[in-house]
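Student: Before I ask anything, let me first share the structure, which is written out below as structure tokens.
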Amino acid sequence: QQQVKQSPQSLIVQKGGISIINCAYENTAFDYFPWYQQFPGKGPALLIAIRPDVSEKKEGRFTISFNKSAKQFSLHIMDSQPGDSATYFCAASTTNFGNEKLTFGTGTRLTIIP
Amino acid sequence: GAVVSQHPSRVICKSGTSVKIECRSLDFQATTMFWYRQFPKQSLMLMATSNEGSKATYEQGVEKDKFLINHASLTLSTLTVTSAHPEDSSFYICSLSRGSYNEQFFGPGTRLTVL
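Okay, here's the thing in structure tokens:
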């Protein structure tokens, strides 16, 4: 019940295209859903996050779409650039103090080709 | 976001030695920090939750006597890998949570190689 399933495992997108990564969760107690971007040899960086009271959140070229009834959320990267090539992790947690452990997806290696 | 540092960034040691990794919060007093390990091309696995002034809470399957965690102040948590073996070679990353939604911010990671 604690799992977060992420797909695809790897993704190749042409420059300027839209990159889409999907995640699904089971635990209905989760109420915070962040996405992290990780470059090789670096720690993950918080990219964008959403709470279930909204269905979409947009920050620049990055958008999270959230479907509470389906227990799914996705990351869309518009106008994908070579600099976006990285590994992306979705995650989920509760925001209850003392129980805010993140459960991570398995990661998606994104490659943007010219 | 919070600024988190780790030291060292890389360490190579011989089998059987102990290695200490420091995690510092540079701009925030963190009562809780988290320690993760990440094997190549895999996701992050939470090892333990480090609580300032009290014992760490370890995840199932993580040996608390092997991975010693000390959260001595609101800005410093340390992870000591005792009697390290080659299978302990991994990328160790700390994080802290802050903000109304307990957003987690990660350090740059420490690459441990045990020969």
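The listed protein sequences correspond, in order, to chains L and Y. Residue 14 in the numbering used here sits at position 5 of the first sequence, and the numbers go up by one each step. Residue 101 in the numbering used here sits at position 70 of the second sequence, and the numbers go up by one each step. Positions of the beta carbon are idealized from the N, C-alpha and C atoms, including for glycine.
My output table needs one value for L/Pro43: the three-state DSSP class, helix, strand or coil.
Tutor: strand
Student: Once you ignore the five residues that flank L/Ala74 on each side, which residues in its own chain have a CB closer than 6 Å to its CB?
Tutor: With the sequence shown as reference, residue 74 of chain L is identified as Ser, and Ala is not the correct amino acid for it. Taken in chain order, the residues that qualify are Glu65 and Ser83.
Student: Flag this pair as touching only if the stretch 98-116 of chain Y and the stretch 49-56 of chain L have three or more C-beta atom pairs under 8 Å; answer yes or no.
Tutor: Too few Cβ pairs lie closer than 8 Å, so no.
Student: For a quick check, are the C-beta atoms of L/Glu35 and Y/Asn133 less than 8 Å apart?
Tutor: In this structure, Y/Asn133 does not lie closer than 8 Å to L/Glu35 by Cβ.
Student: Quick one: which chain Y residues come within Cβ less than 8 Å of L/Ala33?
Tutor: Those do not exist, as L/Ala33 stays about 15 Å from chain Y at its closest Cβ, beyond 8 Å.
Student: Y/Lys97 lies in the beta strand (DSSP E); which residues open and close that run?
Tutor: Where Y/Lys97 is concerned, there is no enclosing beta strand (DSSP E), given that its DSSP letter is neither H nor E.
Student: According to the neighbour-count rule (16 or more other Cβ atoms, all chains shown, within 10 Å of its Cβ), is L/Val63 buried or exposed?
Tutor: exposed
Student: Using a beta-carbon distance cut-off of less than 9 Å, what residues from the stretch 112-123 of chain L approach chain Y?
Tutor: Answer in chain order: Thr112, Phe113, Gly114, Thr115, Gly116 and Arg118.
Student: Could you tell me whether the Cβ atoms of Y/Gly47 and Y/Ser114 are closer together than 8 Å?
Tutor: yes
Student: Of all the options L/Ile122, L/Met87, L/Gly116 and L/Gly114, which has the alpha carbon lying nearest to the alpha carbon of L/Arg70?
Tutor: L/Met87
Student: Verify whether the separation of the beta carbon atoms of Y/Phe136 and Y/Leu146 is less than 8 Å.
Tutor: no
Student: Just curious, the beta strand (DSSP E) that Y/Ser108 is in, first and last residue?
Tutor: Leu107 to Val112
Student: Any residues in the stretch 36-67 of chain L with a beta carbon nearer than 8 Å to a beta carbon of chain Y? Which ones, in chain order?
Tutor: Tyr41, Pro43, Tyr45, Gly50, Lys51, Gly52, Pro53, Ala54, Leu55, Ala58 and Arg60
Student: When DSSP labels each residue in this structure, what does Y/Glu118 get in the three-state scheme?
Tutor: helix
Student: Can you list, in chain order, the residues of its chain whose CB lies under 6 Å from that of Y/Gln60, leaving out five sequence neighbours each side?
Tutor: Leu105
Student: Nearest by alpha-carbon distance to L/Lys77: which of L/Pro123, L/Ile21 and L/Phe39 is it?
Tutor: L/Phe39
Student: So, does the CB of Y/Leu57 fall closer than 8 Å to a CB anywhere in chain L?
Tutor: no
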